[in-house]
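Everything on this sheet refers to the single structure shown next.
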Amino acid sequence: MAFQPGREGQLTEDKLNWGYWWVTHKVRVRRNFAIFLAILDLALVGYAAFGFADWFFGSGEIERRQMGVMARQAIDYDYFRQKFAPKDFAVDGAVVINAGEKTYDFIARSSNPNPHWWVEFDYRFASGLGETQTQHAYLLPGETRFLNVLGLKSDVKPGTATIVIEDVVWRRVNFHVTIPDYATWAAQRLNFVIKDVAFVPPDPQDPIAINRAKFTVMNDTGFGYFKVGFFVTLLSGSRIVAVNRVVISDLRPGETREVDASWFFDMPGVSKVEVKPEVNIFDERVYIPPGQ
439 MAFQPGREGQ
449 LTEDKLNWGY
459 WWVTHKVRVR
469 RNFAIFLAIL
479 DLALVGYAAF
489 GFADWFFGSG
499 EIERRQMGVM
509 ARQAIDYDYF
519 RQKFAPKDFA
529 VDGAVVINAG
539 EKTYDFIARS
549 SNPNPHWWVE
559 FDYRFASGLG
569 ETQTQHAYLL
579 PGETRFLNVL
589 GLKSDVKPGT
599 ATIVIEDVVW
609 RRVNFHVTIP
619 DYATWAAQRL
629 NFVIKDVAFV
639 PPDPQDPIAI
649 NRAKFTVMND
659 TGFGYFKVGF
669 FVTLLSGSRI
679 VAVNRVVISD
689 LRPGETREVD
699 ASWFFDMPGV
709 SKVEVKPEVN
719 IFDERVYIPP
729 GQ
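Residue numbers (the working numbering): 439 to 730.
See below:
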C-alpha cells in the first residue's frame, strides 16, 4: 500500500528515502570526502614544494644574482669610502736647527687638511746620529704645527734628517658633542689671546748671551686647563733660526700670564716671533673640573 502523506510534522516518503540513503552511504561519503581532502592537501603541498624548489634552485637564484648586480651597480661603495675617508695629513721635510753648543733641535711642519677628522700618531726623527725617542702627537681638524724633538745633545753634527710616522689613528669629529659645529666648539676652547709679543736680544753687558721671547697669554675661554703648551718660533726673514716650547700649568678661565722663552746662544737678527698654543681639546683629561 502506497505511503500517504499525513499530518504536519510526519515524515514524508522523500525524507524517508533520503534518510535511508544517507544511513546506507554515509561511511562511503565520509571516506570519499577524506580522500578528496587528502588529494587536495597533497596537491597544495606539492605546489608549495615545487615553488620553493624553483625559488631556491632555479628562478630565485637568477633573481638573487640579478638583484646583487643591480645593487653593486646602483651603489658604488668604493666611491663612498674614498669620498668620505680622511685625506692623509702632510708632513714637510725634517729640519735640524743648531740650538747651542753641541745641541740640536729637530722639527717638521705638519698639517691636517680634514675639517671633520683629527688624528693621533707616533713619530721619530732619524739622522746620522741614529733615531730619536718615539713621540706621540695629534693634529686637530685643519691644524698646522711643528712636530719636534728639542735639545738633542751630540758631539757631532746630525747632518740631514728624516721623520718617521707610524701607528696613525684617525678619529671622526662627533657632531653630537661639537655643538653647534666643530669650528664654533673649537674656538670656544682655543681662544687664548696672545699679545705683547716681543723679542728681547741679549744685553751686551751680560756675560752670557740670553735671547728671550716675551708674550702675554689670556685664557679667554670658559675652561680651565691643567697644562697648555705654547710653541715659539723665531724667524729671520722667512728662515727659522730658533724654536722653543713652554708649558703653562693650571691656567684658569679669564686668567692672564706673562711668559718668557729663552735661548742661551748667539743667533742672527730676529725679525719675527710666532707663538702657537697646543692643547688637545678632545682629551677630557686636559680640563680642570669646575670647582676644583
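Backbone N, C-alpha and C define an ideal beta-carbon position, used for all residues, glycine too.
What did DSSP end up calling H554 once you bin it into helix, strand or coil?
DSSP places H554 in coil when its eight states are reduced to three.
So, using beta-carbon positions, are A523 and S549 closer together than 8 Å?
Not a contact, by the Cβ cut-off of 8 Å.
For N470, which three-state DSSP category applies?
It is helical.
Should P727 go down as buried or exposed, given a rule of 16 or more other Cβ atoms within 10 Å for buried?
Exposed, because fewer than 16 other Cβ atoms sit within 10 Å of the Cβ of P727.
Check whether the Cβ atoms of F720 and W608 lie closer than 8 Å to each other.
No, they are not a contact pair.
Could you check what DSSP says for F522 in three-state terms: helix, strand or coil?
F522: helix per DSSP, three-state reduction.
Which residues mark the beginning and the end of the alpha helix (DSSP H) in which R627 is found?
Note, R627: alpha helix (DSSP H), Y620 to L628.
Do the segment 622-629 and the segment 588-606 meet, that is, are 3 or more Cβ pairs less than 8 Å apart?
Touching, no, given that fewer than three Cβ pairs across the two stretches are closer than 8 Å.
So what's H463 in DSSP terms, helix, strand or just coil?
H463: helix per DSSP, three-state reduction.
Can you give me the Cβ contacts of P553 inside the same chain, cut-off strictly under 6 Å, excluding the 5 residues immediately before and after it?
Cβ within range, chain order: P579 and G580.
Between V534 and P618, which are expected to be in contact by the criterion C-beta below 8 Å, what is the C-beta distance as a whole number of angstroms?
Between P618 and V534 the Cβ distance is about 44 Å, and since that is not below 8 Å, they are no contact.
Tell me which residue opens and which closes the beta strand (DSSP E) that M705 is part of.
Per DSSP, M705 belongs to no beta strand (DSSP E) and is neither H nor E.
Starting from E604, trace the beta strand (DSSP E) in both directions and tell me its first and last residue.
Unbroken beta strand (DSSP E) run through E604: A599 to R610.
In angstroms, rounded to a whole number, what distance separates the CA positions of K714 and T659?
Distance between the alpha carbons of K714 and T659 is about 16 Å.
If you drop the 5 nearest sequence neighbours on each side, which residues of the same chain put their C-beta closer than 6 Å to that of A651?
Correct list, in chain order: F637, V670, A699 and V711.
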